[in-house]
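To start, the structure itself, in structure tokens.
4 protein chains.
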Amino acid sequence: MTDVALFGAGRIGTIHAGNVARQPGVRLQYVVDVDRAAAQKLAAQYGGQAVDADRVFADPAITAVIIASSTDTHAELILRAAKAAKAIFCEKPVDLALERARVCADAVRASGVPCLIGFQRRYDPTFATIKRRIDDGEIGTPEMLIVTSRDPGAPPVDYIKRSGGIFKDMLIHDFDIFRWILGDEAATIYATGSCLTDAAIEGAGDIDATAVTIRTRRGRLAQINTIRRAAYGYDQRFEVIGAHGMLQAGNHRPTEVMLWSSGAITADKPEHFFLERYRAAYAAEMAHFFDVLAGGARPRTSIDDGVAALALAEAATTSWREKRIVEL
Amino acid sequence: MTDVALFGAGRIGTIHAGNVARQPGVRLQYVVDVDRAAAQKLAAQYGGQAVDADRVFADPAITAVIIASSTDTHAELILRAAKAAKAIFCEKPVDLALERARVCADAVRASGVPCLIGFQRRYDPTFATIKRRIDDGEIGTPEMLIVTSRDPGAPPVDYIKRSGGIFKDMLIHDFDIFRWILGDEAATIYATGSCLTDAAIEGAGDIDATAVTIRTRRGRLAQINTIRRAAYGYDQRFEVIGAHGMLQAGNHRPTEVMLWSSGAITADKPEHFFLERYRAAYAAEMAHFFDVLAGGARPRTSIDDGVAALALAEAATTSWREKRIVEL
Amino acid sequence: MTDVALFGAGRIGTIHAGNVARQPGVRLQYVVDVDRAAAQKLAAQYGGQAVDADRVFADPAITAVIIASSTDTHAELILRAAKAAKAIFCEKPVDLALERARVCADAVRASGVPCLIGFQRRYDPTFATIKRRIDDGEIGTPEMLIVTSRDPGAPPVDYIKRSGGIFKDMLIHDFDIFRWILGDEAATIYATGSCLTDAAIEGAGDIDATAVTIRTRRGRLAQINTIRRAAYGYDQRFEVIGAHGMLQAGNHRPTEVMLWSSGAITADKPEHFFLERYRAAYAAEMAHFFDVLAGGARPRTSIDDGVAALALAEAATTSWREKRIVEL
Amino acid sequence: MTDVALFGAGRIGTIHAGNVARQPGVRLQYVVDVDRAAAQKLAAQYGGQAVDADRVFADPAITAVIIASSTDTHAELILRAAKAAKAIFCEKPVDLALERARVCADAVRASGVPCLIGFQRRYDPTFATIKRRIDDGEIGTPEMLIVTSRDPGAPPVDYIKRSGGIFKDMLIHDFDIFRWILGDEAATIYATGSCLTDAAIEGAGDIDATAVTIRTRRGRLAQINTIRRAAYGYDQRFEVIGAHGMLQAGNHRPTEVMLWSSGAITADKPEHFFLERYRAAYAAEMAHFFDVLAGGARPRTSIDDGVAALALAEAATTSWREKRIVEL
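Residue numbers (my numbering), protein chains in the order written: chain A, 11 to 338; chain B, 11 to 338; chain C, 11 to 338; chain D, 11 to 338.
Structure representation (structure tokens):
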């Protein structure tokens, strides 16, 4: 039996708790949250206990920790887990400060524990299939990547203020997609953006719409477009052009109903938001984490991927703020 | 220069006149219509003359006639044209009476003139491509055919009274599709139907919605569903299942615009009605007629196809009226 | 805690066991199967015991039974469960003999226990949404229904021999869809068919492709087309035309990947077969069963629905065998 | 009768000649081409004459000229036509040199003749519908534009050498789409690119894949991605996100056939190349030109649009060459 501790009993922690409960041979032993009532409720649902962090790191029976607490706690928890030789699954980003993220990566490397970062899109059935088909050579060498990544609505401005900005908070997923799909690293990055949907976001020193271009070391091109509030919903698509064809990832829809009315033919909007869109991905991601622990799988993400995506987010932020092309 | 006479200056006659005018080396010499003003207007547009039928058949320079006048005139015009050795293009149906249609077929056969029947769907880019791909063996032997054929609105009841009923007026096209696509003849036919959309149609002794099933001599199956008034528009689809796959014909849409709104994703309805949906088909059909006359093509339809579709329409009418399965 | 017994540890029983295990407050206590090893393995997976049927009916703690054993055992188990006042979930069909199914329905009625029949399609996200939108009046009165129901491959001939024939084995689901969606009962039914894909099926006295037409008491029309072996996969669609529009149910696909190659644009085939296509439906169905037991939901299907679908299957079989239209 | 002269009897000149011939009341009087045989052949087809340019400008009966000759001839022909007070339709670009294009615009303005530039995409049924629906307020203020513009294959390197480079030759259409759809002007432009498909293009000092980002004066964002050789064909899409929704322009396909095979569901590739994709657009464009001449329509494009798109192409070229963000 693998005993697990979960940090964070919020929205994403709850998802992970449910997925942990579905793994055979895995037990959710502890839940840690500053909101003790939330921790207790979630722990009770799966037969665990609400405790504090010290208790987790003092218990040698805990072999793995899942870090889904607020971003400002990630680095410390990673460092403590690495020191205690517990396997780590940590939500993105590793930290808002690149330097501190690198310290975490060093610690993980030194301890030798697996440390998977929660880039759940890599486990999405559609995205993962595209990656496999590229690796199988179906479109030849990938040459261009166009990523569409739009949210149905912006988070509260208070959240935005603490988020590290749109590039670290939202595009970090897209930067990971870029590295994963093109299999190459950025040589230059250019980012511009605007505050188009809510002036309060501008007031918080951030933007809500971006256009990013990356040119890789081998000359491949990537464009990413994002917006915090797409009036029509959550939009997660990408397309990758290769020497022999293109693979295109479409949105998932709740149903396959079409209405033919006197005005038009209408289909469902995409799944509402990330919890719905990536439901299968979150499940597959957690299953993968325990496969890795059981020795049956090579980790599909590492803390180095987390650091690399963060470095791109930081470079994009610089490009936007200083209105210049950044070389990496 | 090929000199042509057109019978009928109505909606479909106007379409044919335009397509005749686009054929190199072809001249629309005469237009005949009981509405003399309409004939004059149409003739003038293309540099021809409005005349009566006798003038057409007396003029040896006329090598081809296009019959797009009302159904009750078709048979007589075919007989006169066959006698005068003029090539014939005639709109469906040959006649409302199967026996009289057979007399026409005999006359055509005796005279040796080409006589193409206006089953324009055979020239539709989508439908014609499916036929070609079946013939190329892409799905193996065709086994089942499902035809969807729905109109956006019923014609006036006065028209319906003279139309020969829904099977001869509307499904005759679908019966031709059946024979053409499955490449087999009906062994049994069963037709049922209802008057669902307009009680006046029932008052006229007709129905406005039908469900037809045909079993062929080789045991293949076809189902046809029709309705006079599909609230959402003109719907012309079919799918043919073969031993190795299925080919499916979808509707054509005016544009490829999609709107992603807060409620749904919407696309265009199908093209409005047959004049729009089959615009390319009417053009290709007329080009084919003159290719046949020029000796460059084997006729893609014959009067025998017209008679065969009519026989199916008559059998379907009997099946519906007498509530029994009809053997052919 | 609700204690449950499961009859049948085969493919569908295994699905139900997993879904039972996911219901909070429900325990899979017993598994019964003639294959004792299979029963033991499945029971062990969820902490239950492999027992025989007598033990189930003798244990007053068992409040519900799930019948997923072979068809020939359904009726007896329903009768015993009804007598023991245990709530029933039973796979279709109730029995191959209509008379015996009616005896079961009487017993269920007398005992007052809920008895849900496994028409899982009613719980499919796409199909259930269409039903709700029809009930909400979105397309007005439903007038026509076209059902496409095709399997990717035929079962072994041995299975077919014991299956009751294609209408009771395969189309029973489609007959239920017909009643549920049109909200009307059949007045006449006509069924024809052929053996197109495997001569051994004909040798077993059955067919593998059918075309069925139903006219309802109110004059509405339904067409069903089925084939045991669609070379391209499992195809489960329907469309319902109403006075104001059409609702169309499409297939579900494993991913939303599209490949644009030099020859064509290609998308995924539909989900492989019923276990994949109806995965969400099976889960929702079992959740619904326990909602009913908990008093929170009206049963969405009853044994009367099972009997009614069976009656249509029997009438269709008669129509096909005797080559006549059957009145109901 | 409006008498017209056509310069250029190549591929696009031939298209225009056919569309001129279809306008009622318009006559193709002269065709001018350095390849005299080509001019004669095309002129003969429509009853005109092959002449030299002097003859055109000396003939006061010619009221309009269509300039479809090679780019290096455009400016001189525009200047001569403006001086001779003949209405002008000219293919893009006005000239490869921005300064010279501005001289042409001045001359046109001074003479007062209409001068439409051949941005045929504005007449495409799908694109024109999107423009109209934006103007109707369907998605609120447009905020972002993503343009996909990919060719099925690169032209010969000799052509590329004389083309002015990818931005002036290929993206000029996309720059016009940008201005037309967003209804705003560029404040900054950033362009990068690579030679990914054919080293000979690099040898010619050009690139074959680009990624362009424009930020407008009002802060709106546009991204354009292009490639000279998309292995799967000609790909012409865009999507515009507004405050209330998104409008998306898809490709047009030759047919609506779908094949469901044992491996996948496949649809047609987009129309082969621009002559097929924009067939309807070229016809509508020429009809519009003669509507303008007849006084019935305001010109949908002007030489100023041609100059503005060229200025963007020049700025993009600078951005790419000098690896910097260009302000406009």
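The beta-carbon is built from N, C-alpha and C at its ideal position, and this holds for glycine as well.
Keep in mind that this is a model prediction, so the values were computed, not measured.
Asked: Partner residues on chain C for residue 254 of chain B, Cβ-Cβ distance less than 9 Å; Found: 241 and 242
Asked: Other residues of its chain near residue 311 of chain C: CB distance less than 6 Å, five sequence neighbours each side excluded; Found: 126, 127 and 129
Asked: Span of the beta strand (DSSP E) around residue 73 of chain D; Found: 72-77
Asked: Where residue 250 of chain D meets chain B, residues with beta-carbon distance less than 8 Å; Found: The contacting residues do not exist; residue 250 of chain D stays about 11 Å from chain B at best.
Asked: Positions along the segment 109-140 of chain B whose CB lies within less than 7 Å of some CB in chain D; Found: 135, 136, 139 and 140
Asked: Residue burial classification, residue 283 of chain B (beta-carbon count within 10 angstroms, cutoff 16); Found: exposed
Asked: Ranges of the alpha helix (DSSP H) found wholly within the segment 279-314 of chain D, counting only runs of at least 4; Found: 284-287 and 289-303
Asked: Residue 114 of chain D - containing alpha helix (DSSP H), residue span; Found: 108-121
Asked: N- and C-terminal bounds of the beta strand (DSSP E) containing residue 233 of chain D; Found: 231-237
Asked: Where the beta strand (DSSP E) through residue 227 of chain A begins and ends; Found: Where residue 227 of chain A is concerned, there is no enclosing beta strand (DSSP E), given that its DSSP letter is neither H nor E.
Asked: Residues from the segment 185-209 of chain D in contact with chain A, defined by Cβ distance under 8 Å; Found: 198, 200, 202, 203, 204, 205, 206 and 207
Asked: Sub-9 Å separation of residue 200 of chain B and residue 226 of chain B beta-carbons; Found: no
Asked: Rounded C-alpha distance that separates residue 42 of chain D from residue 91 of chain D; Found: 14 Å
Asked: Sufficient close CB pairs (3 or more, under 8 Å) joining the segment 157-170 of chain A to the segment 233-244 of chain A; Found: yes
Asked: C-beta neighbour in chain B for residue 224 of chain D, strict 9 Å; Found: no
Asked: Rounded distance between the beta-carbons of residue 288 of chain A and residue 32 of chain A, thought under 8 Å; Found: Actually they are not in contact, since the Cβ atoms of residue 32 of chain A and residue 288 of chain A sit about 16 Å apart, beyond 8 Å.
Asked: Beta bridge counterpart(s) of residue 125 of chain D as assigned by DSSP; Found: D:98
Asked: Beta-carbon proximity list for residue 77 of chain D, same chain, < 8 Å, skipping 5 on both sides; Found: 17, 18, 83, 84, 87, 88, 91, 98, 99, 100 and 101
Asked: Chain-ordered chain D contacts of residue 159 of chain B [CB-CB under 9 Å]; Found: Within 9 Å Cβ-Cβ: nothing; residue 159 of chain B doesn't reach chain D, min ~15 Å.
Asked: Proximal residues to residue 191 of chain B (C-beta, below 6 Å), its chain only, five neighbours per side dropped; Found: 155 and 250
Asked: Nearest residue (CA-CA) to residue 202 of chain B, options B:22, B:73 and B:325; Found: B:325
Asked: Sequence ranges, beta strand (DSSP E) only - wholly within the segment 47-71 of chain A, length at least 3; Found: none
Asked: N-terminal and C-terminal residue of the beta strand (DSSP E) that residue 27 of chain B is part of; Found: That residue, residue 27 of chain B, is in no beta strand (DSSP E); its alpha helix (DSSP H) goes 21-31.
Asked: Near-chain E residues of the segment 227-239 of chain C - C-beta to any C-beta below 8 Å; Found: Within the model displayed, chain E is absent; protein chains A, B, C and D are what it includes.
Asked: For residue 245 of chain C, three-class secondary structure by DSSP; Found: strand
Asked: CB of residue 176 of chain C within 9 Å of CB of residue 234 of chain C, strictly; Found: no
Asked: Residue from B:138, B:148, B:172 and B:93 whose Cα sits closest to the Cα of residue 254 of chain B; Found: B:148
Asked: Inter-stretch contact (C-beta, 8 Å, three-pair minimum) for the segment 38-58 of chain A and the segment 263-282 of chain A; Found: no
Asked: Beta-carbon neighbours of residue 271 of chain B, restricted to chain A and to distances below 7 Å; Found: 242
Asked: Short CB-CB distance (under 9 Å) between residue 245 of chain B and chain A; Found: yes
Asked: Neighbourhood of residue 277 of chain B by C-beta, 6 Å cutoff - its chain only, sequence neighbours within 5 removed; Found: 268
Asked: Partner residues on chain B for residue 219 of chain C, Cβ-Cβ distance less than 8 Å; Found: 153, 154 and 231
Asked: Element boundaries [alpha helix (DSSP H), containing residue 139 of chain C]; Found: 135-145
Asked: CB contact below 9 Å: residue 260 of chain A versus chain D; Found: no
Asked: Cβ contact (3+ pairs, closer than 8 Å) linking the segment 100-115 of chain C and the segment 289-301 of chain C; Found: no
Asked: Residue 318 of chain B versus B:29, B:74, B:60 and B:110, residue with shortest Cα-Cα distance; Found: B:110
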